[in-house]
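Here the structure is laid out as structure tokens; the discussion comes afterwards.
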Amino acid sequence: MARPSSRRRFLESSVALTAATSCTAKAATTPGACFHDCPDGCAWTVTSQAGKLVKIDAARNHPFTRGQLCPRMDHYLADIVNSPNRLLHPLRRTGAKGEAKFEKVSWDTALDAVASKLQQIIQESGPTAILPYSFAGTEGVVHQHALSTRFFSRLGATRLDRNICGDAGNEGVKATLGASTGVLPADVVHSRFILIWGANPALTAPHSWHFIQEARRQGARVVTIDPQFTASAKESDWHLQPLPGTDAALALGLMHVIIAENLHDADYVQKHTLGFDKLKQRLAEFPPARTAAITGLKQQDIETLARQYAKPGASTIRVLVGMEHHANGAMAYRAISCLPALTGAWRHRGGGLLYMAWELCQLNYDAVTLPKLENPKTRSVNMVQLGQALTSKTLNPAIRSLIVYNSNPATIAPNQNLVLDGLRRKDLFTVVLDQFLTDTARYADFVFPAATQVELLDLIPSWGQNYIAINLPAAAPVGESVPNSEFFRRLARKMNLTEPYLFETDEQILRAALNTQHPYLKGITYERLAAEGWAPLNIPDPWLPFANGAFQTPSGKCEFYSESWAKKGLDPLPAHVPIKSTEGPSYPLRFLSSKSATQFLNSSHAGVPRAAEAQGRPFIQMHPADAKSRNIADGDPIRLFNPRGSLLAPVQLNEKILPGVVAISHGWWASRMPGKSSANALTRDGLTDLGGGGDFLDTFVEAEREPVRPIEA
Ligand SMILES: Nc1nc2c(c(=O)[nH]1)N[C@H]1C(S)=C(S)[C@@H](COP(=O)(O)OP(=O)(O)OC[C@H]3O[C@@H](n4cnc5c(=O)[nH]c(N)nc54)[C@H](O)[C@@H]3O)O[C@H]1N2
Ligand SMILES: Nc1nc2c(c(=O)[nH]1)N[C@H]1C(S)=C(S)[C@@H](COP(=O)(O)OP(=O)(O)OC[C@H]3O[C@@H](n4cnc5c(=O)[nH]c(N)nc54)[C@H](O)[C@@H]3O)O[C@H]1N2
Ligand SMILES: [Mo]
278 MARPSSRRRF
288 LESSVALTAA
298 TSCTAKAATT
308 PGACFHDCPD
318 GCAWTVTSQA
328 GKLVKIDAAR
338 NHPFTRGQLC
348 PRMDHYLADI
358 VNSPNRLLHP
368 LRRTGAKGEA
378 KFEKVSWDTA
388 LDAVASKLQQ
398 IIQESGPTAI
408 LPYSFAGTEG
418 VVHQHALSTR
428 FFSRLGATRL
438 DRNICGDAGN
448 EGVKATLGAS
458 TGVLPADVVH
468 SRFILIWGAN
478 PALTAPHSWH
488 FIQEARRQGA
498 RVVTIDPQFT
508 ASAKESDWHL
518 QPLPGTDAAL
528 ALGLMHVIIA
538 ENLHDADYVQ
548 KHTLGFDKLK
558 QRLAEFPPAR
568 TAAITGLKQQ
578 DIETLARQYA
588 KPGASTIRVL
598 VGMEHHANGA
608 MAYRAISCLP
618 ALTGAWRHRG
628 GGLLYMAWEL
638 CQLNYDAVTL
648 PKLENPKTRS
658 VNMVQLGQAL
668 TSKTLNPAIR
678 SLIVYNSNPA
688 TIAPNQNLVL
698 DGLRRKDLFT
708 VVLDQFLTDT
718 ARYADFVFPA
728 ATQVELLDLI
738 PSWGQNYIAI
748 NLPAAAPVGE
758 SVPNSEFFRR
768 LARKMNLTEP
778 YLFETDEQIL
788 RAALNTQHPY
798 LKGITYERLA
808 AEGWAPLNIP
818 DPWLPFANGA
828 FQTPSGKCEF
838 YSESWAKKGL
848 DPLPAHVPIK
858 STEGPSYPLR
868 FLSSKSATQF
878 LNSSHAGVPR
888 AAEAQGRPFI
898 QMHPADAKSR
908 NIADGDPIRL
918 FNPRGSLLAP
928 VQLNEKILPG
938 VVAISHGWWA
948 SRMPGKSSAN
958 ALTRDGLTDL
968 GGGGDFLDTF
978 VEAEREPVRP
988 IEA
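Heads up: the sequence shown begins at 278 in my numbering, then just goes up one per residue.
In structure tokens:
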């Protein structure tokens, strides 16, 4: 049994536990922060008493957290940390794959088996027969990537392209602006017009949503562009519903009107943009009538929107991630990000494009992941196409071992049935490190218990706002669970690896990350964070990144025309590339599976009974017109299907979803659904135009009535 010594080792490596916990005789408080893949990055303090965790309090003075967590994290201690369903010991599979039958084994037994199997595979097929699979279970610098990346680089395992979220959009925005950080989320309070485009921040970024509400209270007009009637659309002054995948056409149509009506900022355009004349030629193809025909919007609405948006002053376009999951996803972001330069919105605080903020947090990531260890020639697999990789007849060597941590691919990866076919393979050796027996873990040969956030040391940057936070351990890990880093240390040791970089402590990694000369991180030290919990990045105030041009493109201008895209063989101008159905005419309905569950964060928390109950049953959203023609009534059990799979759930007729579009929330575990499949059973697994993202929102389906078994717990 490894438990006692591992616990001791863990406590020794966590200087933080004593250094930064402020104690009274009765209670101690420890600073921490949320690890979730969410743009808000909340900070908190954990109170413990006599070694027992008592409560988590949201940081009151943090400008984003503002004393409130979210409906998930309000219940974090009961739902996750102290959950009766939490994995506390290593498990070895005893039943068939997917059956979820396991027996408890010791760490030594489990690690011996994993280490010797991996060594055997490496000997017989080479290290690329091993595939790591991970994403954003935690966004912490230490436990998301550090030792795992070093470990798999050292082995020479197949590399994973982790592009399922954000890469397509970033590529598009970067082509136009050179950077993805524009307006800061708190600066929208200075905006007079906020265009929420293919994003749902009222749900997905509830803390930064506060600033949009504040702007609206001060008189800003808020408009949402989304095929679905989202939480954000509900709180907007106007909601426009284009056909999915037509946003680049809409952006081009808006630019057409703005220039035709001379509403653009000619001075800004002349000084700070590149390719205006070429753009104008392209815009000639997008008069309002044609734009209306492509997008399904009314011509008059397109003209009105263009006029409202282009009024002088601070207008902001708020994008996030959802809209990128289309075959033309990168191009949509590229086209939309041209708009603020055309109107000169960047001149004003709170004017421009509000997207991400990760570029502001210039930690020393090289010191964390040691990219030099990785051989760029080693083959890679895109995480979006896991099913294809696991079932490929041509991959040589085939993937013989899958090692999953920080992710639940049986739920979150597109083309779920193909993923499950792969996971069912008798000759695939699957190892999962998680806190719960997820739908992926059900297929594992060995499952290892992961520690939770309150039990580990980490550094939490944010991709959505301009603060950084530390997370100190408030307690030792429950049961035999260990933080990710410790799992990879133990596995490396069992495999007789000796390189010191595989065994660095969490604190060493964290300090290395902070060891940077970047001015935005000046004065932000381990000691300061341990004492204060979080800190704002030292960015210029006011933040006006492109008020005077200075774009980070090759030309230094906002590139309406992109030479670098031309060199890649891409259209150098923003363009509308129509989405093609791969399913054929028998599947006429567009299927969206975005986020709509307040209680879930992707598939995290979806296995928690309280959260599932609070969330209620999953419904398929459908317009009454689409239901009528199929003889479907409100509340009927229906089946969505296409050549990849099917999905059963009750229907909720909704006048406010775009006709021709059906939707269900992403996140539910297939094992908890009637019919044992969830949204990704239907989704396609192609890639986006650039950035290697997934085109899973280009899925087409048909619908029919179907008797549904009750949801199983
Ligand atoms: N409650 C909750 N919050 C979350 C998450 C969660 O699972 N649950 N996940 C987190 C993560 S990982 C991320 S990446 C962010 C994502 O944050 P968002 O991008 O805000 O969320 P999504 O639901 O992915 O997509 C937003 C909207 O895009 C719309 N959309 C889809 N296709 C198109 C299109 O072609 N055109 C237009 N105009 N709109 C389109 C969808 O209808 C959806 O309402 O949220 C984070 N926050
Ligand atoms: N159809 C459809 N598919 C989608 C999306 C969509 O909108 N629609 N969204 C996509 C997007 S934007 C994203 S970001 C991905 C999200 O994909 P993932 O990042 O895989 O998200 P989660 O489902 O939250 O899975 C995270 C897992 O990590 C575990 N975990 C948490 N903390 C730790 C830890 O410290 N250690 C270990 N080992 N495990 C931990 C959790 O218990 C959970 O099982 O899904 C994508 N898939
Ligand atoms: Mo995401």
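For glycine and all other residues, C-beta sits at the position ideal for the given N, C-alpha and C.
Just so we're clear, the structure is a prediction, and the values are computed from it rather than from any experiment.
Range covered by the alpha helix (DSSP H) that runs through residue i
i    : result
E401 : 384-402
E784 : 783-791
Y998 : With the chain running from 278 to 990 in the structure shown, residue 998 is simply not present.
L774 : Looking at the DSSP string, L774 is not in any alpha helix (DSSP H), and its letter there is neither H nor E.
D610 : The question names Asp, yet the displayed sequence has Tyr at residue 610. Note, Y610: alpha helix (DSSP H), 606-613.
D524 : 524-537
A304 : First-last for A304: 304-310, but that is the beta strand (DSSP E), not the alpha helix (DSSP H).
I579 : 576-587
Own chain residues within Cβ distance below 6 Å of residue i, not counting five before or after
i    : result
N919 : E860, Y864, L959, V978
S858 : F977
L582 : none
Residues that residue i bridges to, as DSSP identifies them
i    : result
D334 : T322
M899 : L930
H516 : T501
A980 : L917
L869 : A940
Y410 : V681
C835 : T550
F470 : R498, S592
F706 : S678
D735 : N748
Cβ-Cβ distance between residue i and residue j below 7 Å
i    : j    : result
L710 : A687 : no
H484 : F341 : yes
F470 : R439 : no
Y682 : V450 : no
A790 : V331 : no
P901 : I941 : no
G912 : P927 : yes
N692 : D962 : yes
N931 : Q898 : yes
L560 : E836 : no
V460 : L631 : yes
I398 : R677 : yes
G621 : Y545 : yes
E448 : G971 : no
Q576 : A587 : no
G375 : R719 : yes
L909 : R805 : The question names Leu, yet the displayed sequence has Ile at residue 909. Taking 7 Å as the Cβ cut-off, I909 and R805 do not qualify as a contacting pair.
P348 : Q876 : yes
Sequence-distant residues of its chain with Cβ nearer than 8 Å to residue i (five each side left out)
i    : result
G966 : Looking at the sequence shown, residue 966 is not Gly but Asp. A445, A604, N605, G606, A607, M608, L847, V854, listed in sequence order.
Endpoints, beta strand (DSSP E) assigned at residue i
i    : result
W811 : 811-813
V681 : 678-682
W842 : No beta strand (DSSP E) contains W842, which is instead part of the alpha helix (DSSP H) from 840-844.
E380 : 379-381
I909 : Neither: I909 is in no beta strand (DSSP E) and is coded neither H nor E.
P726 : 723-726
I594 : 592-595
I747 : 744-748
Beta-carbon contacts of residue i that lie in its chain and below 7 Å, excluding the five residues immediately before and after
i    : result
L821 : R626
P409 : S425, F429, A434, L437, I680
H420 : L733, D735, P760, N761, S762
T256 : Past the edges of the chain, shown from 278 to 990, lies residue 256, and the structure says nothing about it.
CB-CB length for residue i against residue j, believed under 8 Å
i    : j    : result
R595 : W474 : 7 Å
W842 : A452 : 6 Å
P462 : L432 : Contact flag wrong, Cβ pair sits at about 40 Å.
A746 : G810 : 6 Å
V755 : R363 : 7 Å
G318 : Q639 : So it is not a contact: roughly 16 Å between Cβ atoms.
A956 : R916 : The Cβ separation is near 14 Å, so there is no contact.
F563 : G530 : 5 Å
Min CB distance residue i to chain B below 7 Å
i    : result
Y720 : Among the protein chains of the structure shown there is no chain B, as only one such chain exists.
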